[in-house]
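Enquirer:
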Amino acid sequence: MKNKIQKVRAIGGITTALLCALALTACKKEQQQQAAPPPPVVTTVSIQKSPVLLTSELPGRTAAYRIAEIRPQVNGVILKRLFEEGSDVKAGDSLYQIDPAPFQAALNNAKAALTRAEANLPAIQLRVDRYQKALENKAVSQQDYDDAASNLKQAEADIQYYKAMVDTAEINMNYSKVLSPLTGRIGTSSVTDGATVTAYQQIPLATVQQLDPIYVDVPQSTTDLLGLKKRLQNGQLTYDGATVTEVELMLDDNSTYSHKGTLQFRDVTVDPTTSTMTLRMVFPNPDGELLPGMYVRAIVREGINKEALMLPQETVTRDRKGNPYVMVFRDGKTYRQMIEVDRAIGNMWMVKSGITEEDHIVLEGLQKISHEGAASEDYKGVFSRDSAGTEEAAQ
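Residue numbers for the sequence shown follow the numbering used here, so the first one is 145 and each next one is one higher.
1) Does the distance from the C-beta atom of Leu-393 to that of Val-362 stay below 8 Å?
2) Check for me: the beta strand (DSSP E) holding Tyr-359 runs from which residue to which?
3) Name the one or two DSSP bridge partners that Ser-194 has.
4) So, with DSSP's three-state summary, where would you put Val-526?
5) Determine the DSSP secondary structure at Ser-324, reduced to helix, strand or coil.
6) For Leu-435, count neighbouring C-beta atoms within 10 Å of its own C-beta (all shown protein chains included) and say buried if the count is 16 or more, exposed if not.
7) At the level of alpha carbons, what is the spacing between Tyr-401 and Val-341?
8) Is DSSP giving Gln-511 helix, strand or coil here?
9) Sort out for me which residues DSSP pairs Ala-271 with in a bridge.
10) By the DSSP assignment, the beta strand (DSSP E) with Tyr-306 in it spans what residues?
11) Candidates Tyr-319, Ser-231, Ala-518: which alpha carbon is nearest Val-472's?
12) Taking only runs that begin and end inside the segment 396-433, name each unbroken beta strand (DSSP E) of 3 or more residues, in chain order.
13) Three-state secondary structure (DSSP) at Thr-389?
14) Which residues in the same chain have their Cβ closer than 8 Å to the Cβ of Ala-386, if we skip the five residues on either side of it in sequence?
15) Do the segment 354-370 and the segment 206-216 touch if we need at least three Cβ pairs shorter than 8 Å?
16) Secondary structure at Leu-543, three-state DSSP: helix, strand or coil?
17) Could you tell me the alpha carbon to alpha carbon distance between Lys-496 and Ile-330, rounded to whole angstroms?
18) Is Thr-187 closer than 8 Å to Glu-508 when the C-beta atoms are compared?
19) Helix, strand or coil for Ala-519? Go by DSSP, reduced to three states.
20) Measuring CB to CB, does Ile-448 end up less than 8 Å from Val-196?
21) What did DSSP end up calling Thr-206 once you bin it into helix, strand or coil?
22) Note the first and the last residue of the continuous beta strand (DSSP E) segment covering Pro-468.
23) Can you find a heavy atom of the ligand ATP that lies under 7 Å from the Cβ of Thr-351?
24) Whose C-alpha, out of Met-494, Leu-453, Gly-371, is nearest the C-alpha of Glu-446?
Quick look at the structure:
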């Protein structure tokens with residue numbers, strides 16, 4: 145009897161403990177339900193189409209506008225170099241003096257021969273005149289007259305010949321002073337005083353380069369060029385008049401060159417090894433800041449996209465594969481929306497596809513919604529691109 149009473153008491157204690165545990169669990173669940181946080185608040189914006197000037201940033205090198213390799217046109221010995229290496233010279237400035245003595249002697253000889261020929265001409269002319277009168281009176285034979293007339297023509301030809309000899313000697317005399325053919329900057333001299341040079345030798349004496357204006361040559365891939373032409377043809381891009389040929393320049397230190405240039409031409413052939421063609425621009429260079437061979441980046445204008453969708457860069461996230469997406473708010477929830485971007489424009493992305501003007505895009509609060517789910521919206525209206533970046537786009 146006593147054992148039965150103890151068993152009943154034990155069962156009763158266990159039951160009481162279970163009931164208490166169940167009651168405590170129910171209370172905790174109720175408290176947890178009462179403490180559930182509200183959905184996160186996200187700030188959203190919408191975007192609208194607007195015109196954007198598109199540009200391409202292309203690396204290139206500067207090149208002299210004109211180059212003249214200075215070579216002697218006569219044989220001789222350099223008496224003196226007449227310029228400072230690295231200085232600016234003008235067209236017609238004397239650069240070298242070749243020993244003029246042999247050319248002066250040749251000129252004097254040619255002039256003397258011309259004088260002698262001119263002195264003989266009057267006597268020969270008188271003889272022909274006398275023979276002509278004598279022939280009319282049959283005092284001389286026709287052969288004698290013909291010989292005299294032939295001597296006259298030969299004397300006249302000798303005068304022309306010696307005149308040409310004088311001209312040649314004067315030209316060679318002038319060539320003994322080597323002149324600059326253009327205005328520009330001259331480099332180092334390959335010869336010194338006393339050096340022997342030959343006419344039109346292979347190694348130039350020096351090189352003069354015109355640096356104002358100056359060329360900038362940049363390669364452009366045929367893929368980019370064909371894509372640009374296609375966008376222009378289908379109306380996605382339009383030219384903005386004369387400014388389409390205007391080019392800006394970025395220097396190697398990331399500073400902007402103070403003068404704007406113009407696109408001069410596109411090469412007519414494609415490099416088969418790189419599938420690129422050369423664009424040539426011309427820039428003013430009055431201060432000589434640009435030198436041939438410098439690395440630069442040309443900002444070339446492509447055209448205007450009149451219906452570009454511009455998206456703030458802070459709204460764009462990338463998945464593990466690097467694909468871009470944005471979070472959009474719809475019907476009380478946030479959703480992941482995959483997009484395709486074209487290029488960066490300041491701190492904006494130009495979007496090719498994936499979103500529309502009707503979408504509400506999460507601008508702030510992305511850290512609160514790492515995944516899709518319920519949220520509360522604070523809509524700020526249409527995002528202002530002017531407050532976020534420039535109107536120009538660089539590819």
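Cβ coordinates follow ideal geometry from the N, Cα and C atoms, glycine included.
Just so you know, these numbers come straight off a predicted model, no measurement behind them.
Expert: The short version:
1) By 1-based counting over the sequence shown, the position of residue 393 is 249. By 1-based counting over the sequence shown, the position of residue 362 is 218. No, they are not a contact pair.
2) Here residue 359 is taken as the residue at index 215 of the sequence shown, counted from 1. 350-365 is the span of the beta strand (DSSP E), which, as asked, contains Tyr-359.
3) Here residue 194 is taken as the residue at index 50 of the sequence shown, counted from 1. DSSP output for Ser-194 lists Ala-452 as bridge partner(s).
4) Locating residue 526 in the sequence shown gives position 382, where the first residue counts as 1. Val-526: strand per DSSP, three-state reduction.
5) Reading the sequence shown from its first residue, position 180 is the one you call residue 324. Looking at Ser-324 - three-state DSSP - the assignment turns out to be coil, as it is neither helix nor strand.
6) Translated into positions along the sequence shown, residue 435 becomes position 291. Looking at its Cβ environment, which holds fewer than 16 other Cβ atoms inside 10 Å, Leu-435 is exposed.
7) Position 257 of the sequence shown, counted from the start, is the residue given in the question as residue 401. Position 197 of the sequence shown, counted from the start, is the residue given in the question as residue 341. Cα to Cα, Tyr-401 sits roughly 42 Å from Val-341.
8) Within the sequence shown, residue 511 is the residue found at index 367, counting from 1. Looking at Gln-511 - three-state DSSP - the assignment turns out to be helix.
9) Here residue 271 refers to the residue found at position 127 when the sequence shown is read from its first residue. In the sequence on display, residue 271 carries Arg and not Ala. In DSSP, Arg-271 forms no bridge with anything.
10) Translated into the one-based positions of the sequence shown, residue 306 becomes position 162. Careful: Tyr-306 lies outside any beta strand (DSSP E), inside the alpha helix (DSSP H) at 286-319.
11) Taking the first residue of the sequence shown as position 1, residue 472 is located at position 328. For the residues Tyr-319, Ser-231, Ala-518, the minimum Cα distance to Val-472 belongs to Ala-518.
12) 405-410, 420-427
13) Against the sequence shown, residue 389 aligns to sequence position 245. The answer is helix: DSSP assigns Thr-389 an H, G or I state.
14) Counted from its first residue, the sequence shown places residue 386 at position 242. Unreliable positioning characterises Ala-386 in this predicted model, as indicated by a pLDDT of 49, which lies under 50. The coordinate reading is nonetheless provided below. For Ala-386, where only same-chain residues beyond five positions count, there are no Cβ hits under 8 Å.
15) yes
16) Because the chain is modelled from 145 through 539, residue 543 falls outside the range shown and cannot be assessed.
17) Taking the sequence shown and counting its residues from 1, the one referred to as residue 496 is at position 352. Taking the sequence shown and counting its residues from 1, the one referred to as residue 330 is at position 186. Between Lys-496 and Ile-330, the C-alpha separation is close to 51 Å.
18) Counting from one through the sequence shown, the residue named residue 508 turns up at place 364. Counting from one through the sequence shown, the residue named residue 187 turns up at place 43. Contact flag set, yes.
19) The residue given as residue 519 occupies position 375 in the sequence shown. In the structure shown, Ala-519 sits in coil (DSSP, three-state: anything other than H, G, I, E or B).
20) As a working mapping, residue 448 is identified with position 304 in the sequence shown. As a working mapping, residue 196 is identified with position 52 in the sequence shown. In contact: Ile-448 and Val-196 (Cβ atoms closer than 8 Å).
21) Position 62 of the sequence shown, counted from the first residue, corresponds to residue 206. Three-state result, Thr-206: strand.
22) The count along the sequence shown starts at 1 and reaches residue 468 at position 324. Where Pro-468 is concerned, the enclosing beta strand (DSSP E) stretches over 468-474.
23) Looking for the ligand ATP in the displayed structure turns up nothing, as the structure carries no ligands at all.
24) Within the sequence shown, the letter at position 302 stands for residue 446. The residue with the shortest Cα to Cα distance from Glu-446 is Gly-371.
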